[in-house]
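Numbering (UniProt numbering), first residue to last: 1 to 553. Heads up, the beta-carbon is just placed ideally off N, CA and C, and yes, glycines get one too. First comes the structure, then the notes that go with it.
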Amino acid sequence: MTGNNNKVVQIFSINVESDQDYQRYTSRRKSSVIREISGRIHSVLNREEEDDVDVSVDGVFRFNGQIDVNNVIPTSSQPSVEAQHFQRRGSSLTNGETVALPDIPKKAPRNVRKWLVLLSSFINMIITGGFPFNMSVLFVEFLNEFGKTKAETSLVQSVCTGVFFIGGLITGTLVSKFGTKVCGCTGAVLSAVGIGVCFTATNLEFVIICIGVVAGAGFSLNVICASTSISQNFSGKEKILALAISSTGSGLGGLSFPLILQYLIDQFGWRGCLMVISGLVFNQFACGLMSGPNETRPKVEIPSQNLTTDINEEEHVDTIWSQVLTLVSNKVFLAFCVALALTLTAFNSFLIFFIDFFEQKGFDRVSVVWMYSGMNIVSTVFRFIPGLMAQSPKIPTLAIPAMYSAFGFVSLCFLPFVTSFPVNAVVMACYGVALGGVVTVVSITTLELVGEKRYPTGLGMVLAIVGIANTVGAPIAGYFRDVSGSYTYSILSGAGSALLASLVFTGAMIYQKRHSEDPLSRFNMEIDIQARRKSRRRSSILPWRRSVDLDVK
């Protein structure tokens with residue numbers, strides 16, 4: 001490779017261990033175009049994008065100084081590159097030197113493992129979205145068994161959901177450090193044991209500790225592992241759609257678990273019910289074994305005698321603490337967390353007094369239950385829509401939650417003033433659409449904003465912030481109800497929170513667009529290198545429809 005050394009970029013050769021690896025890197029919007037040639041992937045990136053790629057081999061390639069980046073014509077076939085291997089960030093080449101990157105085995109044929117991962121994540125979401133949030137049937141049994149007040153008895157579900165959300169920051173860092181397989185299996189054991197030992201409970205405090213703290217921590221681990229394992233095994237549009245599919249599992253769990261719990265209590269009592277649920281939850285252990293990235297191929301090793309290094313630099317280690325600091329410094333991500341906390345708090349606070357609100361409007365319990373079930377069905381079905389919308393490059397990432405939050409605002413505004421059952425049912429269906437959309441974008445938008453490497457930590461931060469907001473939001477809504485004597489102000493305050501969330505989403509979207517990197521200012525380009533056994537030149541389509549000529553000798 002020759003040149004006047006006026007143009008300097010980084011070239012990375014990435015290990016191809018599976019189809020998912022190839023698709024994952026080629027689908028990165030921020031990264032430059034990546035090309036597979038002779039079993040390798042070559043990517044040309046500027047220095048600012050180093051952290052966006054997991055590199056095994058890298059180096060500084062120098063371009064011909066006469067190249068005009070804005071007006072070039074692709075070259076014809078290029079001669080093969082023959083020379084020594086090199087490694088370590090910062091390696092440089094002098095004029096006339098050439099470098100050969102190591103051969104990497106061909107990609108394995110597509111397999112069904114990723115679909116098994118999706119199935120296991122879907123089952124995980126059914127359980128984690130079903131049991132912790134639908135213990136109202138058990139609430140009555142605990143109330144009768146232990147003779148405590150309603151406030152004390154409600155601590156079982158409150159502590160469980162609180163640990164589920166707020167513990168996300170800790171469990172997210174654990175998943176980043178130990179991986180989804182270890183954390184998923186550990187979470188399954190914690191949840192199953194925490195629920196099962198309550199068979200012998202003699203006081204409410206024991207139940208609060210076991211189900212609230214122990215099982216809640218296990219569910220928090222599993223929900224992050226479920227989303228993370230999908231991001232590790234899917235790529236591109238498939239990844240977004242897979243996350244949307246898995247999110248429907250929580251909606252299905254919300255529909256099925258109240259019926260399952262009631263049936264088990266009728267058959268075996270609440271103690272027997274918890275034993276059966278413990279066995280059901282322990283199935284997450286098998287889901288944990290299935291999680292994790294596809295590790296079917298050995299990594300490429302570079303002969304140590306062929307290494308040449310001109311500059312010794314300390315390798316960057318992206319620790320958990322550095323990930324947290326990076327996420328905290330991300331203004332768009334923080335705005336997303338705050339807005340998401342506002343809108344989910346508004347939606348969840350209304351669900352707490354859903355039945356009581358409609359009974360005060362004059363509807364009987366059966367009609368209210370049917371309305372609640374219909375809302376859950378609509379919410380579950382429409383969770384696919386954000387996944388489909390996110391696949392379009394024309395729709396900004398933050399536009400989706402902004403739209404659904406605004407839709408929820410409109411639904412909540414109408415709710416206190418409509419009277420007939422059909423109109424209330426339609427309004428609640430619209431509310432279900434908004435709720436399902438916002439729940440789905442939690443995983444999808446977090447992945448888009450923080451990237452795969454920081455995804456477990458980022459998702460944990462999102463859950464923690466949402467959990468804190470939910471803990472504060474429900475008492476505020478109850479306070480408005482106690483002071484005013486009706487739920488009107490509680491619902492309207494929730495509508496205002498959803499509107500504020502929509503505005504924050506929109507502001508973050510505008511900020512992200514204005515401060516995003518100009519693609520023409522980035523030295524992103526595609527290299528066209530002839531494969532040793534192929535003479536056909538490969539063409540490329542860059543975002544601005546230009547390519548770069550590279551002299552290779």
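{"query": "With 16 other Cβ atoms within 10 Å as the buried cut-off, status of residue 621", "result": "The structure shown does not extend to residue 621, since the chain is modelled only from 1 through 553, so no value can be given for it."}
{"query": "Euclidean distance between Cα positions of A335 and S405", "result": "14 Å"}
{"query": "From M403, S322 and V418, residue whose alpha carbon lies closest to that of K177", "result": "S322"}
{"query": "Inter-residue Cα distance where the pair is F257 and V175", "result": "27 Å"}
{"query": "Backbone CA spacing between A429 and N134 [nearest angstrom]", "result": "20 Å"}
{"query": "Cβ pair L243, S443 closer than 7 Å", "result": "yes"}
{"query": "For L274 and Q267, the rounded distance between their alpha carbons", "result": "12 Å"}
{"query": "Per-residue DSSP class, three states only, for R113", "result": "helix"}
{"query": "Meets three-Cβ-pair contact criterion under 8 Å: the segment 212 to 223 and the segment 126 to 144", "result": "yes"}
{"query": "Residue environment, H168, which counts as buried when at least 16 other CB atoms sit within 10 Å", "result": "Looking at the sequence shown, residue 168 is not His but Gly. It counts as buried."}
{"query": "Residue from C183, Q157 and I123 whose Cα sits closest to the Cα of P456", "result": "C183"}
{"query": "Distance between F407 and T200 (C-alpha atoms, nearest Å)", "result": "46 Å"}
{"query": "C-alpha distance - K394 paired with E152, whole-angstrom precision", "result": "50 Å"}
{"query": "Buried versus exposed call for K331 [16 or more other C-beta atoms within 10 Å across all chains shown]", "result": "exposed"}
{"query": "Buried or exposed (CB count within 10 angstroms, at least 16 for buried), I510", "result": "exposed"}
{"query": "Straight-line gap, V426 to G432 (C-alpha atoms, nearest Å)", "result": "10 Å"}
{"query": "Contiguous alpha helix (DSSP H) assignments of at least 4 residues, all confined to the segment 211 to 257", "result": "216 to 233"}
{"query": "Cβ contact (3+ pairs, closer than 8 Å) linking the segment 192 to 210 and the segment 237 to 254", "result": "no"}
{"query": "Where the alpha helix (DSSP H) containing K513 begins and where it ends", "result": "T488 to H515"}
{"query": "Through-space distance from S227 to N233, alpha-carbon basis", "result": "10 Å"}
{"query": "Neighbour-count burial assignment, F417, 16 or more Cβ in a 10 Å radius", "result": "exposed"}
{"query": "Own chain residues within Cβ distance below 8 Å of K150, not counting five before or after", "result": "L143"}
{"query": "Alpha carbon of I208 to alpha carbon of L190, nearest angstrom", "result": "14 Å"}
{"query": "Helix, strand or coil at G451 [DSSP, three-state]", "result": "coil"}
{"query": "For F347 and L435, believed in contact at Cβ under 8 Å, the rounded distance", "result": "5 Å"}
{"query": "C-alpha gap between S490 and V410, whole angstroms", "result": "15 Å"}
{"query": "Cut-off 8 Å between Cβ atoms - residues of its own chain near F139, not counting five sequence neighbours on either side", "result": "T153, S154, V156 and Q157"}
{"query": "DSSP-derived helix/strand/coil call for P396", "result": "coil"}
{"query": "Where N203 falls, given that 16 or more other Cβ within 10 Å makes a residue buried", "result": "exposed"}
{"query": "Straight-line Cα distance separating G374 from F480", "result": "27 Å"}
{"query": "P386 vs G437 beta-carbon contact at 7 Å", "result": "yes"}
{"query": "Span of the alpha helix (DSSP H), counted from its first residue to its last, around C185", "result": "T180 to G196"}
{"query": "Simplified DSSP assignment, three categories, for N134", "result": "coil"}
{"query": "The alpha helix (DSSP H) enclosing S158, as first and last residue numbers", "result": "L155 to I166"}
{"query": "C-alpha distance - V163 paired with I468, whole-angstrom precision", "result": "10 Å"}
{"query": "Environment of W115 [buried if 16+ CB atoms lie within 10 Å]", "result": "exposed"}
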